[in-house]
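Presented below is the structure to which this report refers.
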Amino acid sequence: MRIIRKQEETLTMLLHSKREYETMLNSTHDAIIGVNQEGIITLFNKAAERLIGIDAVQVLGTRAENSIDNTRLHIVLETGQPELNQEQILPNGTRIITNRVPVRSETGEIWGAVAIFRDMTDVMTLVEEISDLKELKSMLQAIIHCSDEAISVVDADGIGLLINPAYTRLTGLAPEDVIGKPANVDIFDQESMHMRVLQTQKPVRRKPMKVGPKRKDVIVNITPVMVDGHLRGSVGVIHDVTELKVLGEELEKARQMIRTLEAKYTFEEIVGKSEPMHIAIEQAKTAALTPATVLLRGESGTGKELFAHAIHNESERKYNQFIRVNCAAIPESLLESELFGYEAGAFTGALRGGKRGLFEEASGGTIFLDEIGDLPNTMQVKLLRVLQERELVRVGGTKAIPVDVRIIAATHVNLESAIRNGSFREDLYYRLNVVPIHIPPLRQRREDIHSLVGFLLKKFNAEYGRNVEEIDARTLTILQAYHWPGNVRELENVIGRAMINMHYNETIILPSHLPSLSQQAKTSAELTQETQANAEGTLKEAMDEAEKSFIIKSLAACKGNRTQTAKQLGISLRNLYYKLEKYCMAELEEES
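Just so you know, we're using numbering that gives the first Met the number 0 here: the sequence shown kicks off at 0 and counts up by one.
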């Protein structure tokens, strides 16, 4: 009984093992056919049934070469040589790849043979998928490496996997400094945004940070990488904001230089009763009654902006905007967007909804373009379009925007000379020079100095808390004899300094209170002599002739050295060039 029971247990185990064996063979995706020493099929799994289209019961126990076309298992039995990676087309048209190998005993005796084969469609699909993945990987690497944005990638544990050259340029960290290292290797005194994203599985947007040894200011965007719902790592895009900060600072400076305000001066506040000043004021009052473009010309410090305010306040537009723009003070890179505005996305850092330019802001009112002679050539073309078509196109835009704006321009530059040397457009000149008004320099209206000093005394008494009543006659004579290269602005400076030099109980400005003037003042006798010598012409002609004569003498004394001549005259080198052109002395200056 014990022997029988033992045999039953052994048989049960064998049957159980056989079922496991058959289950394993039928579960595999590969088709398997096995034969014994006689070539009889002993194994034919489910995958073989599916591929060949024959049920196992039809072929088991039969000879392989009779039941299956091109099986070649009988040849492997005869030769004992394996046949590997053989392509074959089955009768049903299925293309397969097969391996046929002999089955040997421990002593090397051939016990049978096995064929293992797979539908090549699956293999080709895998090959194509692998090829596509390799191609996609190459493309992604090319895109990442060509990007100007710094990119870093970490795995699910926060270990660096990849960086691009832009990242190295930005942070100064090479691949070996980052790849294989923790995600916080590139930051200082801050939490790693990669680690935060890996912990929360939520993206981080526009986070300001400092990265790299030089602590570069950056903005980072980090996004988790999810595959089938599982976290695989995170990708970070890092934007350098150093340039944006510089541009922002320049923009802020430019905005401080651009004074957007209501006009606050009128013609009643313009001090001057001399003939040249009277002519300029009358011309300005006439121009104020028309919508025509006005060009104010004159040296620096003569009061061109004062006239612009007064013209606007006397015009029909006085209740609308008066906007002042100093064309020479705004960086060229910002000038176009400030004047004409921009559309959303026109450049990095642009406001989401775009921005109106100063011409649009001034629509219905007046825009004062100071130092128009220093306007870059590219901007001259755009300004010409506004003058001609009364419309503009924003930066990054395509739609023309109509504007109703009155333009008052001002310059100390000799525009005619600028046209000849190509720095100013002739067509723009004619558009601006509709109503030209020349503001005379102070030396051509010395009789106004007394009135100007009285005005300045009131102004500085209020500002300084003083009580200065008048100016001594001797002091006035000195001021009237001075050449005033800085014009009214210089006179304002001199009177202000003189009042500072006075004691609090003094009420009269004496010659001793004046700061030293940079040029020898002429005596009243010399002024009288010059006036008599030029009595046949107008006062302006006499003054121009005296100025021309003095410049010629100074050039000769300095042996033609323009820089030294300008210094001796107490004027800027640019101002000297202007005067040489004005009096047609360019050739004389070269010969000297």
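C-beta atoms are modelled at their ideal positions from N, C-alpha and C, and glycine is treated no differently. Since the structure is predicted, the reported quantities are computational estimates derived from the model, not experimental observations.
Inter-residue Cα distance where the pair is residue i and residue j
i	j	result
residue 211	residue 164	14 Å
residue 394	residue 356	10 Å
residue 498	residue 488	16 Å
residue 175	residue 130	29 Å
residue 240	residue 182	21 Å
residue 78	residue 22	31 Å
residue 505	residue 476	20 Å
residue 31	residue 144	48 Å
residue 421	residue 280	32 Å
residue 57	residue 38	15 Å
residue 415	residue 289	25 Å
residue 437	residue 167	59 Å
residue 100	residue 127	28 Å
residue 458	residue 472	20 Å
residue 480	residue 509	15 Å
residue 282	residue 299	20 Å
residue 419	residue 486	27 Å
residue 329	residue 396	22 Å
residue 194	residue 138	27 Å
residue 462	residue 492	14 Å
residue 571	residue 578	11 Å
residue 33	residue 162	53 Å
residue 574	residue 412	9 Å
residue 519	residue 567	Annotation note: pLDDT 42 at residue 519 (below 50); position unreliable, coordinate value reported separately. Their backbone Cα atoms lie some 10 Å apart in a straight line.
residue 259	residue 228	Interpretation of residue 259 is limited by its pLDDT of 43, a score under 50 that renders its predicted location unreliable; no figure is taken from the coordinates.
residue 502	residue 339	52 Å
residue 465	residue 219	58 Å
residue 362	residue 266	24 Å
residue 189	residue 214	11 Å
residue 303	residue 217	45 Å
residue 68	residue 40	13 Å
residue 417	residue 389	25 Å
residue 467	residue 495	11 Å
residue 490	residue 454	11 Å
residue 312	residue 169	53 Å
residue 602	residue 365	What the structure shows of the chain is the stretch from 0 to 591, and residue 602 is not part of that stretch, so it cannot be assessed.
residue 564	residue 360	45 Å
residue 522	residue 377	Interpretation of residue 522 is limited by its pLDDT of 42, a score under 50 that renders its predicted location unreliable; no figure is taken from the coordinates.
Those residues which DSSP pairs with residue i across a bridge
i	result
residue 595	Nothing can be reported for residue 595, as the shown portion of the chain is limited to 0 through 591.
residue 325	369
residue 116	30, 97
residue 43	32
residue 181	158
residue 434	293
residue 220	236
residue 86	96
residue 229	226
residue 62	39
residue 638	Lying outside 0 to 591, the shown extent of the chain, residue 638 is not represented and no answer is given.
Check: residue i C-beta below 7 Å from any heavy atom of the ligand SAH
i	result
residue 377	Of ligands this structure carries none, so the ligand SAH is not represented either.
C-beta atoms of residue i and residue j nearer than 8 Å
i	j	result
residue 203	residue 192	yes
residue 65	residue 84	no
residue 358	residue 391	yes
residue 150	residue 235	yes
residue 433	residue 285	no
residue 103	residue 109	yes
residue 444	residue 369	no
residue 516	residue 407	no
residue 424	residue 456	no
residue 555	residue 409	no
residue 159	residue 136	no
residue 27	residue 55	no
residue 89	residue 50	yes
residue 439	residue 208	no
residue 507	residue 446	no
residue 448	residue 427	no
residue 405	residue 314	yes
residue 230	residue 155	yes
Integer-rounded CB distance, given that residue j should sit under 8 Å from residue i
i	j	result
residue 71	residue 82	7 Å
residue 451	residue 483	Between residue 483 and residue 451 the Cβ distance is about 11 Å, and since that is not below 8 Å, they are no contact.
residue 112	residue 76	5 Å
residue 331	residue 375	5 Å
residue 96	residue 119	5 Å
residue 264	residue 327	Residue 264 to residue 327, Cβ: 22 Å. No contact.
What runs of the beta strand (DSSP E), each 3 residues or longer, lie entirely inside the region 339-424? DSSP assignment within the region 339-424 yields the following whole beta strand (DSSP E) runs of 3 residues or more, N-terminal first: 365-369, 390-392, 399-401, 405-410.
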